[in-house]
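Protein sequence lines correspond, in order, to chains R, B, G and A.
Per my numbering, the very first residue in the first sequence carries number 2; after that it's consecutive.
Per my numbering, the very first residue in the second sequence carries number 93; after that it's consecutive.
Per my numbering, the very first residue in the third sequence carries number 3; after that it's consecutive.
Per my numbering, the very first residue in the fourth sequence carries number 11; after that it's consecutive.
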Amino acid sequence: MTPEELIKRIKERFEVEIYTSQTKTLHPRERIWIEVSRNDFKELMKYFQEIDPHAQFSIIIGEDRGDHLSATYHLELFCENSPSLSVAVITSCPKEDPKIPSLGDVFPSSVPYERENQEFLGIIFEGIPDPRRLFLPDDFPEGIYPLRLDEKGITPEMVKNAGHPYKIKKEGSK
Amino acid sequence: MNSRIEYWVKIPIGPIHPALEEPEKFIITLDGERIIHVDIKLGYNLRGLEWIAMRRNYIQLLYLVERICGICSFSHNHTYTRAVEEMAGIEVPERAEYIRAIIGELERIHSHLLNLGVVGHAIGYDTVLHLSWLARERVMDILEAIGGNRVNYAMNTIGGVRRDIEEKHKRMILEMIRYYREEVMPKVEEIFLYDPTVEARLRDAGVIPKRIALEYSAQGPTARGSGIKKDVRYNEQLGVYPELGIRPITPKEFTGVIKGDVFDRMVVRVGELWQSMEIIEKAFDQMPEDKIKTFSKDNVALAKLKKAEGAGIGRYEAPRGETIHYVRANPGTDGPAKWKAREPTFPNLFAVARALVGEQLADVPVAIASIDPCLSCTDRVAIIDSKTGKKKVLTEKDLLKASIEKTKEINPNIKAKPEAVGGICGGVRL
Amino acid sequence: MNVLCTTVGLIAIYLYVSFVSLVWDGLDRRLVARMQRRVGPPLLQPFYDFLKLVSKESIIPRDSNKMFEASPILALAASITLLAYTPIGFGPILATKGDVLVFIYLLALIAFIRVIGAVSSGSPYAQIGAQREVIMLASREAPMMLGLFAILWRLAKLDVERPFSLETLYQHNIWEIGTPLTIVGSLVLLIVFVFWLASEIEVGYFNIPEAETEVAEGPMAEYSGRHLALFKLSNSLKEYASASLVVAMFFPWGLSQYLGISGIEAMLVDLVFHTIKVFMILFVSMSLFRAITGRLRVTQAVNLFWSRILSASIIGAILLVIDILGVIG
Amino acid sequence: MFGYWDALYFIYAFIIGLLISYLLMKWAEKASVGTRKEGDGSKIYISGEDQDKVIPQFEHLQGYFTGRHVMWGFIRGINKMFLTFRREHTGLLTDYVSYLLITVAIVLGVMVIWG
């Protein structure tokens, strides 16, 4: 399946914004970026699995984009072909209601990434089978999400020795 | 969980355990020695790289990314530069692509030889460990000669590579390939294809069937050992790899069967050693004379990147599997708004944890070693160590103070007064 | 007089064997290092290790009970007693009718004391190690006892004064019977005993209870300092004693009767020659075995013992039985 | 070689062994830095976890070891043999009688051959 066919098939079913990007390498590589609202999101992901039952889920990139939180899901379709299809699905949620449906029942491999984003960005994945913390220690304060850029993130007094390499003060020096 | 679980033995493997090279925790529930359930807890090696990345520019980030991990330092670096190049639409000279391929394959050789030894050690076969690491020294020497370091050779830069491969390097590498072909590989094949101990321990241990591998999206040799023909260099048509005749290696070509066990994963690694050597030789034959980087100076690259917009995804087949880096530009500044990395160990760990259910305790170290875990890659995200209630952040000085106190408590007679050096924290120079 | 003689002899043998077995440990580490293309530690490294361990602080886990501290002493005591029943170039000091039972008993006792110490430590890894040790013990004893008894029984038919004594091994040996059946049977049993020896000292295939990467040294997980030192010494003694048994069974020849000397000198010469033979059998069963094999799973090892080695042992025993009963020919 | 053995000699040798190892231990105790029985160092090794804290999922760590696991590897290792034996234990009287008859026949046969 070519990227064009895939875009056509998705456009038939969903109202989404799709654009492609291309690398300037010897073998140009097309990547499909799909922006979808969180209501259609799960249906779209299920549709991907219909298209290719062996679709490979790779990563969730959670981001704090100022006024809203976004999550980019990267999928690889037809992973045994050359070239395979590389699809990035972007969905977003407002900060006051940070909820995105969980993909635990569609792609079981997404659960660890959801746990990761849940603790780092405070996105709540609805219906996640295993909501425990994965990376952060169990005694990390609740309600602080390290990768948030707003007041819920790390405050400056929590950070030491993680600044610029040349700004470490030596003992005794002012 | 039902109430019966109370009577089963639970064993923590990790964070500090001889089976693991790096800290992480496997919580293993045992019935006798049969594993009933495996749970994973990560994050003992958190360094907050993503957070740090928001405060770095693209060139500084290059070094930070390289220091995610020592073994696959080239892979992370390479993937990151590809993500940035895709984001900004930068073209890479063809010679640079060939040099990247050569260094990448050299790194693959050293990583696979390392893993062969580690698996040998995990089954108590220390001779394999010592001999394969002895063989690995040769490629480490080459990498040191080219990049100046045994690890973290800093070959990549945005839009090309930093150093050219000269004629003397070429001679050394070809000599090394001859040595590996004639002296090392026959022994490696003898051990990993025919040795009775290896066969007894690795066959039918930690089986990841193809269905589970697809479901958990296993990567790299773990997926190929289960029979999935997945190799990012091939799927993605990365760089010049299609010209070099890349194809995914599955154990079928060597043993004729695919079981998805530890043995198959090791067979894939042995096959990839052969393939890497072929690729390097082909790359030397086809390499054109050209410049090696697009931008002569780093600040030129930064000036170009300041104008970049959008996002880029870089993918590369590291020795352990697919590495993905994501970079989103912050137009007008010289640093990215977001950088995020995903390393192959992360999905592989969950796949292997699933596969361990029903196996024996004795299979745990070898199954973990067989995915070649790189946990410092996996735990790259958070920042601080904080205690409940009051926030308390431990700096290097605090840690030093705590350790001095502890030493004093243990032995009050010690007089030495260590001082804070500053800078090094959890493997990353901050 | 007799008691004094025994005491002095026992202490002298203890001192000699602890020196020699620690030297062997150093030699073994160097030999294996050479096989693995390493330089290896100095020859006297086990002595340095022992002294270093003795000088270090010993940590007693607070969950442990009294047996944790007592078991190193008991293990070493059992090993020393074992030396009194070990054939070392000449018959054991306390040789008598049926002392082979005491020998086997003491070997098992040492393993059991290790198990008790491990279980008393309160560490989950030590407990898994202990459980593996028990399993290995239960598996390796059956083929070994069958083989040993078959050989002694065959020798007892040759008109000896104290049947089922380890001293018998020096009066007659299994090769001098010379019939093809005994030779074949003894060769089979020799293989059985090489495997048994490897499992007794837990190397190679049978490094299961102390699997470093799996259960963090198993029974020894919580031991440190002088307690560990005593265990190490006891293990070295046991290693020497079990190898001595194999040597006495299959290679009992001494040098003294060829040199025509007798008395104390003859014993000394035999002891030294015996030590060399012990080193050789340990080289095969320990160093070589360690260098060319890895560890098996515990089920595989049990299966190996019960299906292969036990049947080899049975075959060897049957060959000896057929030879003496003369069913064929 | 040296003497005659009876149970007393065994006990005597064992006492000598005990004495030697006890003296060795005493000497070692004097020569060493000391013994530590309390403090953080005396916690057992649980893969780097702190025994005092509640480790998630290990709330029942104390006293969880039960005897029924001890022979697991043994039973599993000779599973095939075990299954064979169990298959023969059918519980039918005729089967047991036939085993008895076969055994008797073999014994008789042996006796007849050797006269």
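Using N, Cα and C, we set each Cβ at its ideal position, and we do this for glycine too.
None of these values were measured; they are calculated from a predicted model.
Cutoff 8 Å; reference residue 482 of chain B; Cβ partners in own chain excluding five residues on either side: In this prediction, residue 482 of chain B has a pLDDT of 39, which is less than 50 and means its spatial position is unreliable; what the coordinates show is noted afterwards. Nothing meets the Cβ criterion.
Beta-carbon separation of residue 199 of chain B and residue 161 of chain B under 8 Å? no
Quick one: is residue 125 of chain B near chain G, going by C-beta distance under 8 Å? yes
Do you know whose CA, among G:235, G:229 and G:279, lies nearest residue 123 of chain G's CA? G:229
What did DSSP end up calling residue 255 of chain G once you bin it into helix, strand or coil? coil
Taking CB distances under 8 Å as the criterion, tell me whether residue 329 of chain B reaches chain R. yes
Euclidean distance between Cα positions of residue 191 of chain B and residue 240 of chain G: 59 Å
Alpha carbon to alpha carbon, how far is residue 115 of chain R from residue 126 of chain R? Give it in angstroms, no decimals. 7 Å
Does DSSP classify residue 431 of chain B as helix, strand or coil? strand
Rounded to the nearest angstrom, how far is the Cβ of residue 413 of chain B from that of residue 175 of chain B, given a contact under 8 Å? That belief does not hold up - the Cβ atoms of residue 413 of chain B and residue 175 of chain B are roughly 17 Å apart, past 8 Å.
How many angstroms separate the CA atom of residue 521 of chain B from the CA atom of residue 72 of chain R? Only weak support is given to the placement of residue 521 of chain B: the predicted model assigns it a pLDDT of 32, under 50, and the question is left unresolved by the model.
For a minimum of 3 consecutive residues, which ranges assigned as the beta strand (DSSP E) are wholly contained in the stretch 391–458 of chain B? 403–410, 413–421 and 428–434
Which runs of the alpha helix (DSSP H), 4 residues or longer, sit entirely within the stretch 204–256 of chain B? 218–239
Give me the Cα-Cα distance between residue 94 of chain G and residue 148 of chain G, rounded to the nearest whole angstrom. 21 Å
Report the residues of the stretch 8–30 of chain R with a CB closer than 9 Å to any CB of chain B, ordered along the chain. Taken in chain order, the members of the stretch 8–30 of chain R whose beta-carbon sits within less than 9 Å of a beta-carbon on chain B are 22, 23, 24, 25, 26, 27, 28, 29 and 30.
Can you tell me where the alpha helix (DSSP H) holding residue 41 of chain R begins and where it ends? 39–52
Looking at the structure shown, is residue 298 of chain G part of a helix, part of a strand, or coil, going by DSSP? coil
Among the candidates B:259, B:223 and B:304, whose CA atom is the shortest distance from the CA of residue 442 of chain B? B:304
Could you tell me the alpha carbon to alpha carbon distance between residue 81 of chain G and residue 233 of chain G, rounded to whole angstroms? 10 Å
4-residue-minimum alpha helix (DSSP H) runs that sit fully inside the stretch 96–146 of chain B, ordered along the chain: The qualifying runs are 141–145.
Alpha carbon to alpha carbon, what distance is there between residue 33 of chain R and residue 6 of chain R? One Cα belongs to residue 6 of chain R, the other to residue 33 of chain R, and the distance between them is close to 12 Å.
Which of the residues in the stretch 303–322 of chain G, read from start to end, lie with their CB under 9 Å from any CB of chain A? 303, 304, 305, 306, 307, 308 and 309
According to DSSP, is residue 38 of chain G helix, strand or coil? coil
Sufficient close CB pairs (3 or more, under 8 Å) joining the stretch 418–425 of chain B to the stretch 395–405 of chain B: yes
CB-CB under 8 Å to residue 273 of chain G, same chain, minus the five flanking residues each way: which ones, in chain order? Take residue 273 of chain G, set aside five residues on each side of it, and the residues of its chain with a beta-carbon closer than 8 Å to its own are 18, 90, 91 and 92, in chain order.
Backbone CA spacing between residue 364 of chain B and residue 272 of chain B [nearest angstrom]: 13 Å
DSSP-derived helix/strand/coil call for residue 177 of chain G: In the structure shown, residue 177 of chain G adopts coil according to DSSP, grouped into three states.
8 Å Cβ cutoff, residue 117 of chain A in contact with chain G: no
Pull up the CB-CB distance for residue 428 of chain B and residue 145 of chain B, whole angstroms please, since I reckon it's below 8 Å. 7 Å
Quick one: Cα of residue 320 of chain G to Cα of residue 314 of chain G, how far? 10 Å
Classify residue 310 of chain B as helix, strand or coil using the three-state DSSP reduction. It is coil, neither helix nor strand.
Could you work out which residues of chain D lie near residue 308 of chain B, taking near to mean beta carbons separated by less than 8 Å? Structure shown: chain D not included; protein chains present are R, B, G and A.
Look up residue 74 of chain A in the DSSP assignment and say whether it is helix, strand or coil. Confidence at residue 74 of chain A is low in this model, with a pLDDT of 48, below 50, so the placement of that residue should be treated as unreliable; the coordinate-derived value is given next. Residue state, collapsed to three classes: coil.
Opposing strand residues paired with residue 94 of chain R [DSSP bridges]: R:70
Limits of the unbroken beta strand (DSSP E) element including residue 102 of chain R: 100–102
Looking at the unbroken alpha helix (DSSP H) that takes in residue 15 of chain R, where does it start and where does it end? Counting along the chain, residue 15 of chain R falls outside any alpha helix (DSSP H), and DSSP gives it neither H nor E.
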